[in-house]
Amino acid sequence: MPTSLPERPTIAVYPGTFDPITFGHIDIIKRGLNMFDKVVVTVAINPSKQPLFSLEERMDMIRESFTHEGDRVEVDSASGLLVEYAVERKATAIIRGLRAVSDFDYEFQLALMNRKLERAVDTIFLMPGLRWIFISSSIIRDAARHGGKVNDMVPRHVAHNLKKKFPENVRSTES
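Under our numbering, the first residue of the sequence shown is numbered 2, with each subsequent residue one higher.
Put into structure tokens, the structure is as follows:
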């Protein structure tokens, strides 16, 4: 009888700036957990961007969003080539979220380049549920900055953190 090797857990990397994490991101991560044993949510360090939240704040908000998933969701940060990071993490896939057709062209180019650099890592495109298709971190930040109510688009702890960043503008997270 042939012996089989123990199955290795499947790992996917889900990169982004997550400034801040939204229910759209959370939806994508949960969908990723339906396909992979583990999703490594990777906060991208991009010196050309000026995020509202620090790296530590973003990582903490992501962790707080996934307290019930145990070690199936890991939060990390990375800079440099994403596909090299994926190989280091023994990931077989990179998850990318698509909200609209306009996202596809850029994401498709990245996926092709990553495939050229490392054939063992696939890119998986996932769309958030229709309820979240229109939101992005930048839209959330802009709405919060101008007093828009965002607590139905981000977890409660994220809405609270936005309120601390814009105390004079963000509406109560209680209503």
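Virtual Cβ for every residue (Gly too), placed ideally from N, Cα, C.
Using the C-alpha atoms, what's the distance from residue 67 back to residue 49? Against the sequence shown, residue 49 aligns to sequence position 48. Against the sequence shown, residue 67 aligns to sequence position 66. Rounded to the nearest angstrom, the two C-alpha atoms are 28 Å apart.
Which one of 58, 147, 69 has the shortest CA to CA distance from residue 18? Here residue 18 refers to the residue found at position 17 of the sequence shown. Per the Cα distances, 58.
Cα-Cα separation, residue 89 to residue 79: If you number the sequence shown from 1, residue 89 lands on position 88. If you number the sequence shown from 1, residue 79 lands on position 78. Roughly 11 Å separates the two Cα atoms.
What is the rounded straight-line gap between the Cα of residue 33 and the Cα of residue 129? In the sequence shown, counting from the first residue as 1, residue 33 sits at position 32. In the sequence shown, counting from the first residue as 1, residue 129 sits at position 128. Their Cα atoms are separated by approximately 11 Å.
From 91, 37, 94, 160, residue whose alpha carbon lies closest to that of residue 70: In the sequence shown, counting from the first residue as 1, residue 70 sits at position 69. The candidate whose alpha carbon is nearest that of residue 70 is 37.
Restricting to Cα atoms, I'd like to know which of 164, 92, 159 is closest to residue 208. Examination of residue 208 is not possible in this model, given that the chain is present from 2 through 176 alone.
Close Cβ partners of residue 125 (< 6 Å) along its chain, the five nearest in sequence each way excluded: Position 124 of the sequence shown, counted from the start, is the residue given in the question as residue 125. Contacts found: 94, 96.
Are the beta-carbon atoms of residue 134 and residue 100 separated by less than 7 Å? Position 133 of the sequence shown, counted from the first residue, corresponds to residue 134. Position 99 of the sequence shown, counted from the first residue, corresponds to residue 100. Yes, the pair counts as a contact, with Cβ atoms nearer than the cut-off.
Excluding the 5 residues flanking residue 154 on each side, which residues of the same chain have their C-beta closer than 7 Å to its C-beta? Within the sequence shown, residue 154 is the residue found at index 153, counting from 1. Cβ within range, chain order: 23, 24, 136, 141.
Among 132, 40, 120, the one whose alpha carbon lies nearest that of residue 72: Translated into positions along the sequence shown, residue 72 becomes position 71. Answer by Cα proximity: 40.
Helix, strand or coil at residue 127 according to DSSP, with G and I counted as helix: Within the sequence shown, residue 127 is the residue found at index 126, counting from 1. Correct three-state label for residue 127: strand.
Looking at C-alpha atoms only, which residue of 76, 131, 52 is the closest neighbour of residue 186? In this structure the chain extends from 2 to 176, so residue 186 is not present and cannot be described.
List the whole-angstrom C-beta distance separating residue 162 from residue 54, where the pair is believed to meet the contact cut-off of C-beta under 8 Å. Against the sequence shown, residue 162 aligns to sequence position 161. Against the sequence shown, residue 54 aligns to sequence position 53. About 7 Å separates the two Cβ atoms, so the contact holds.
Residue 103 burial status per 10 Å Cβ neighbour count (16 or more: buried): On the sequence shown, position 102 is the one that residue 103 refers to. Residue 103 comes out exposed.
Mark residue 138 as exposed unless 16 or more other C-beta atoms lie within 10 angstroms of its C-beta, in which case mark it buried. Taking the sequence shown and counting its residues from 1, the one referred to as residue 138 is at position 137. Residue 138 comes out buried.
Alpha helix (DSSP H) containing residue 33: first to last residue? Numbered from 1 along the sequence shown, position 32 holds the residue referred to as residue 33. Where residue 33 is concerned, the enclosing alpha helix (DSSP H) stretches over 24 to 34.
Going by DSSP, which residues form a beta bridge with residue 77? Translated into positions along the sequence shown, residue 77 becomes position 76. In the DSSP output, where bridge partners are listed per residue, residue 77 has 43.
Nearest to residue 9 by CA position, among 147, 115, 148, 92, is which residue? Residue numbering aside, residue 9 sits at position 8 when the sequence shown is read from its first letter. The residue with the shortest Cα to Cα distance from residue 9 is 92.
Straight-line Cα distance separating residue 166 from residue 177: Nothing in the structure corresponds to residue 177, since the chain is present only between 2 and 176.
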